[in-house]
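> Here's a structure for you.
Number of protein chains: 2
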Amino acid sequence: MVISVDAMGGDRGPATVIAGMAESAGRNPDIRFIVHGPQAELERLIARRGDLARRCDIRDAAGVVTMDDKPSQVLRKGEGTSMWSALESVRRGEATATVSCGNTGALMALSMLRLRKLPGVNRPAIACLWPSRNPQGFNVMLDVGADIRADAQDLLTYALMGASYARNGFGLERPRVGLLNVGTEEHKGRPELKQAHELIPTTAQAANFDYVGFVEGGDLPSARVDVIVTDGFTGNVALKTGEGTAKLVGELLKEAFGKSVMSRFAALLAMGSLKRLQKRIDPRRVNGGVFLGLNGTVVKSHGSADATGVSAAIKLAFRLAQSGFQDRLAARVAQSVAAAGQINGSKESEAS
Amino acid sequence: MVISVDAMGGDRGPATVIAGMAESAGRNPDIRFIVHGPQAELERLIARRGDLARRCDIRDAAGVVTMDDKPSQVLRKGEGTSMWSALESVRRGEATATVSCGNTGALMALSMLRLRKLPGVNRPAIACLWPSRNPQGFNVMLDVGADIRADAQDLLTYALMGASYARNGFGLERPRVGLLNVGTEEHKGRPELKQAHELIPTTAQAANFDYVGFVEGGDLPSARVDVIVTDGFTGNVALKTGEGTAKLVGELLKEAFGKSVMSRFAALLAMGSLKRLQKRIDPRRVNGGVFLGLNGTVVKSHGSADATGVSAAIKLAFRLAQSGFQDRLAARVAQSVAAAGQINGSKESEAS
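Rendered as structure tokens:
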């Protein structure tokens, strides 16, 4: 199983990405890489990692997409960058999935240009993982920022894609899907949400998921639901709000424990429990936004990810590649489009 | 200073509301109440609270607005409920502000019907407090659910009203106002956000606040900003997401400390620090959504508030009443409408 890795564009530079690859390679004997970036620099970094060189092809790419580059610029001038090159490996079928720590907007724009959207998908989505009370330890939320708009049909597609992701990525037989709204009552929310609320249940049976109806912001970490569907504006605000809140509580906790000799001593005693808790809500463990709705699997790692974070994103890419996720997702969407066509077709024939 | 209190409609019933009033009365010798609900029941509850009866007028109202009542029903049949009666006291000028723990949608609908919108305000807003890194300990966010839509002009009005609230409620001379978006770059976000981003700075000087530009979900608890402006859909999702995340982290923390004898002992040692932390992020301390943009001050307490929470909401209502907030806010909005009229006027004369 080959994963294509963009070594450049993350906040911590290629050394961290290579370290993450080495971590993954050490744990997973079945993984191989194609890595993209300036040849000489990558050779030097990989040579330090002993065994890694044997499992790694380098594709020379001098250009780098920076965090400040606008997607429109990257679309025009992106050829020759490591990001473009990393996507090419997936497009040509040399790798099953790709991982990048780079600029999210640029990566989505290039992915749409080079990999193209799946037939039947109008707006691709970015799915993130959210620490939760569920046995699997997290919930899936999409879209968290591919597009600031989504109509009812897009939200239906997100439900299908999110359910497929949860099934193939995390072994959930029949994921429970909820639609994010400002209340759980039927009359609440924007018109497109009310439409989607009517639309989604009609495909839930065929697409093998349960629709639990409207959910609220407080349900994101709950065990009521496995997949949360929303537009990319709301999803992005919710994601960053959750991260910001968890960070604030963590910082205040650290301050509280540092305040007195007694509480510092207490922190030492509780170290084991606190470490386990930290691990449970560690954002590095759930690192990896997955782009859904393209002809190819793209995993976007946090720009600031360290080696552990990069390794988590690679693991996610590998797991999806191994499960045959891409083909299954494409089949689900095609089936749904066909079913919708039949419904529309039969409506038309009724009307005629 | 008289505060009108709706004793009914909260999840914990009138006993909790009366207990909260007693708590406030004990701390604040300048406060008086008009309390609304079934006369006999309220008399009985107040009689138990010693001194409270002397500072409290009862208005008999047999009807109760429940959490399940739809706003449209309450508009038609709400006369005779304690909620309606509580608003009447403000409308007639017997009380300066009102507090209710009841159904938010119904309270907003009744407030708009009975108190009417301030001239120049198209959509009223609900402002909440958000624990933050700022010296005042929290930030103001609006709208968190009065209306699921907001255009650029509404967002400008929210900026004015939020700044006025922060100034009068919390003594911030020159509040810093940010506009919630999915990124801080100018080209990001929905069209109405880009328009508001142009519009808000034009009134910041005259309205005595600083506009810091776009902010993201992660900035809600930050010290970069005092007031965060957004539409009621996004604001409601963000509020509930933040509450849900803080709750999850708190529960996991409790579990972590309960896990072993050692960590239970550690928790005992750290009790003082943890209690201080809990107090800092205690949602009861920041209890009270304020309805802005009406002819009268309405404070909405959490439905599940306990006596401490009710008392915090009453304190907020009292502070706003004391500062002359209502008149100042009305003056700000009127001034801004006049200024906008002048701008439009001069544009028209230029055009003609």
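Heads up: the sequence lines are chains A and B, in that order.
Sequence positions in the first sequence follow the numbering used here and run 1 to 352.
Sequence positions in the second sequence follow the numbering used here and run 1001 to 1352.
Every residue gets a Cβ at the ideal spot worked out from N, C-alpha and C, and that includes glycine.
#1: Would you mind reading off the limits of the beta strand (DSSP E) that contains residue 1036/B?
#2: Which same chain residues end up closer than 7 angstroms to residue 1193/B when comparing Cβ atoms and leaving out the 5 residues on each side of it in sequence?
#3: Give me whichever residues DSSP pairs with residue 1060/B in a beta bridge.
#4: Just curious, the alpha helix (DSSP H) that residue 1108/B is in, first and last residue?
#5: Please state whether the Cβ-Cβ distance between residue 1141/B and residue 1245/B is less than 8 angstroms.
#6: Tell me, please, whether the CB atom of residue 1018/B is closer than 8 angstroms to any CB atom in chain A?
#7: Applying the criterion that 16 or more other CB atoms from any shown protein chain within 10 Å of the CB defines a buried residue, is residue 121/A buried or exposed?
#8: In chain B, which residues lie with their C-beta within 7 angstroms of the C-beta of residue 315/A?
#9: List the residues of chain B whose Cβ lies closer than 7 angstroms to the Cβ of residue 240/A, in chain order.
#10: I want to verify the contact list: residues of chain B whose CB lies under 9 angstroms from the CB of residue 224/A, in sequence order.
#11: Can you give me, in chain order, the residues of the segment 1172-1186 of chain B that have a beta carbon less than 9 angstroms from any beta carbon in chain A?
#12: Let me confirm a value: residue 1016/B is counted as buried when at least 16 other C-beta atoms fall within 10 Å, else exposed. Which label applies?
#13: If you run the structure through DSSP and keep just helix, strand and coil, what is residue 1299/B?
#14: Under a CB-based cut-off of 8 angstroms, is residue 137/A close to chain B?
#15: Nearest chain B C-beta to residue 287/A closer than 8 angstroms, yes or no?
#16: Starting from residue 145/A, find everything on chain B with Cβ-Cβ shorter than 8 angstroms and list it in chain order.
#17: Mind pulling the chain A residues with CB within less than 7 angstroms of residue 1245/B?
#18: On the DSSP letters alone, give me the boundaries of the alpha helix (DSSP H) that residue 221/A sits inside.
#19: So, at 7 angstroms on beta carbons, what are the nonlocal neighbours of residue 1028/B in its own chain, with the 5 sequence-adjacent residues on each side left out?
#20: Roughly how many angstroms lie between the CA atoms of residue 1303/B and residue 1083/B, to the nearest whole one?
#21: State the start and end residues of the unbroken beta strand (DSSP E) segment that holds residue 4/A.
#22: Given a threshold of 16 other Cβ atoms within 10 Å of its Cβ, counted over all protein chains shown, does residue 311/A qualify as buried or as exposed?
#23: Taking residue 127/A as the reference, which of 98/A, 298/A and 333/A has the closest Cα?
#24: Thinking just about the alpha-carbon of each residue, which of 151/A, 161/A, 86/A and 102/A is nearest to the one in residue 118/A?
#25: In chain D, which residues lie with their C-beta within 8 angstroms of the C-beta of residue 1234/B?
#26: Tell me where the beta strand (DSSP E) around residue 1178/B begins and ends.
#27: Look at the Cβ atom of residue 8/A, then the Cβ atom of residue 96/A, and state whether they are nearer than 8 angstroms.
#28: Between which two residues does the alpha helix (DSSP H) harbouring residue 154/A extend?
#29: Which two residues bound the contiguous beta strand (DSSP E) that contains residue 1100/B?
#30: Does the beta-carbon of residue 1353/B have 16 or more other beta-carbons within 10 angstroms, so that it is buried, or is it exposed?
#31: Less than 6 angstroms between C-beta atoms, sequence neighbours within five positions excluded: which residues of the same chain meet that for residue 22/A?
#32: If you follow the alpha helix (DSSP H) that residue 1028/B is part of, which residue opens it and which one closes it?
#33: Less than 8 angstroms between C-beta atoms, sequence neighbours within five positions excluded: which residues of the same chain meet that for residue 1005/B?
#34: Check for me: the alpha helix (DSSP H) holding residue 1258/B runs from which residue to which?
#35: Helix, strand or coil for residue 261/A per DSSP?
#36: Is there a Cβ of chain A sitting closer than 8 angstroms to that of residue 1352/B, yes or no?
Based on what the coordinates show:
#1: Taking the first residue of the second sequence as position 1, residue 1036/B is located at position 36. Note, residue 1036/B: beta strand (DSSP E), 1032-1037.
#2: Translated into the one-based positions of the second sequence, residue 1193/B becomes position 193. Hits under 7 angstroms: 1179 and 1181.
#3: Here residue 1060/B is taken as the residue at index 60 of the second sequence, counted from 1. 1037/B, per the DSSP bridge assignment.
#4: As a position in the second sequence, residue 1108/B is number 108, starting the count at 1. Looking at the DSSP string, the run of the alpha helix (DSSP H) that includes residue 1108/B is 1104-1115.
#5: Locating residue 1141/B in the second sequence gives position 141, counting from the first residue. Locating residue 1245/B in the second sequence gives position 245, counting from the first residue. No, the Cβ-Cβ distance between residue 1141/B and residue 1245/B is not below 8 angstroms.
#6: As a position in the second sequence, residue 1018/B is number 18, starting the count at 1. For residue 1018/B, the answer is no, since every Cβ of chain A falls outside 8 angstroms of its Cβ.
#7: Position 121 of the first sequence, counting from 1, holds the residue named residue 121/A. Flag for residue 121/A reads buried.
#8: If you number the first sequence from 1, residue 315/A lands on position 315. Those within 7 angstroms of residue 315/A in chain B number zero; the least Cβ separation is about 23 angstroms.
#9: Residue numbering aside, residue 240/A sits at position 240 when the first sequence is read from its first letter. Below the 7 angstroms Cβ cutoff, chain B contributes 1216, 1217 and 1218 as neighbours of residue 240/A, in chain order.
#10: By one-based count along the first sequence, residue 224/A stands at place 224. Here the premise fails: no neighbours, minimum Cβ distance about 11 angstroms.
#11: Of all residues in the segment 1172-1186 of chain B, 1180, 1181, 1182, 1183 and 1185 have a Cβ within less than 9 angstroms of some Cβ in chain A.
#12: The sequence position of residue 1016/B within the second sequence is 16, counting from 1. Note on residue 1016/B: 16 or more other CB atoms within 10 angstroms of its CB, so buried under the neighbour-count rule.
#13: Position 299 of the second sequence, counted from the first residue, corresponds to residue 1299/B. It is a strand residue.
#14: Position 137 of the first sequence, counted from the first residue, corresponds to residue 137/A. For residue 137/A, the closest Cβ of chain B is not nearer than 8 angstroms.
#15: Against the first sequence, residue 287/A aligns to sequence position 287. It does not: the Cβ of residue 287/A has no partner Cβ on chain B nearer than 8 angstroms.
#16: Stepping through the first sequence from its first residue, residue 145/A is reached at position 145. The contacting residues are 1182.
#17: Along the second sequence, one-based indexing puts residue 1245/B at 245. Those within 7 angstroms of residue 1245/B in chain A are 221, 242, 245 and 246.
#18: Stepping through the first sequence from its first residue, residue 221/A is reached at position 221. Counting along the chain, residue 221/A falls outside any alpha helix (DSSP H), and DSSP gives it neither H nor E.
#19: Taking the first residue of the second sequence as 1, we reach residue 1028/B at position 28. Result list for residue 1028/B: 1318, in chain order.
#20: Along the second sequence, one-based indexing puts residue 1303/B at 303. Along the second sequence, one-based indexing puts residue 1083/B at 83. Cα-Cα distance, rounded: 13 angstroms.
#21: Translated into the one-based positions of the first sequence, residue 4/A becomes position 4. First-last of the beta strand (DSSP E) with residue 4/A: 2-6.
#22: The count along the first sequence starts at 1 and reaches residue 311/A at position 311. A residue is called buried once 16 or more other Cβ atoms fall within 10 Å of its Cβ, and residue 311/A is buried on that count.
#23: Here the question's residue 127/A lines up with position 127 in the first sequence. Checking every option, the nearest Cα to that of residue 127/A belongs to 298/A.
#24: For the purposes of this step, residue 118/A is taken as residue 118 along the first sequence, with counting starting at 1. The candidate whose alpha carbon is nearest that of residue 118/A is 161/A.
#25: Protein chains in the displayed structure are A and B, and chain D is not among them.
#26: As a first step, residue 1178/B is located in the second sequence; it is residue number 178 there, counting from the start. Counting along the chain, the beta strand (DSSP E) containing residue 1178/B begins and ends at 1176-1180.
#27: Residue mapping note: residue 8/A aligns to position 8 of the first sequence, counting from 1. Residue mapping note: residue 96/A aligns to position 96 of the first sequence, counting from 1. Contact: no.
#28: Within the first sequence, residue 154/A is the residue found at index 154, counting from 1. Taken as a continuous stretch (DSSP letters only), the alpha helix (DSSP H) holding residue 154/A covers 152-170.
#29: As a working mapping, residue 1100/B is identified with position 100 in the second sequence. Note, residue 1100/B: beta strand (DSSP E), 1097-1100.
#30: Because chain B here runs from 1001 to 1352, residue 1353/B falls outside it and cannot be looked at.
#31: In the first sequence, residue 22/A corresponds to position 22, counting from 1. Once the five neighbours on either side are set aside, the close Cβ partners of residue 22/A are 49 and 52.
#32: Here residue 1028/B is taken as the residue at index 28 of the second sequence, counted from 1. Here residue 1028/B belongs to no alpha helix (DSSP H), and DSSP marks it neither H nor E.
#33: Within the second sequence, numbered from 1, the residue matching residue 1005/B stands at position 5. Excluding sequence neighbours, residue 1005/B sits near 1017, 1021, 1033, 1034, 1035, 1036, 1086, 1098, 1099, 1100 and 1314.
#34: Counting from 1 along the second sequence, the entry for residue 1258/B is found at position 258. First-last of the alpha helix (DSSP H) with residue 1258/B: 1232-1258.
#35: Here residue 261/A corresponds to residue number 261 of the first sequence, with the count starting at 1. Residue state, collapsed to three classes: helix.
#36: Reading the second sequence from its first residue, position 352 is the one you call residue 1352/B. Low confidence applies here, because residue 1352/B scores a pLDDT of 39, under 50, leaving its location unreliable; read the following figure in that light. No, its Cβ sits nowhere closer than 8 angstroms to a Cβ of chain A.
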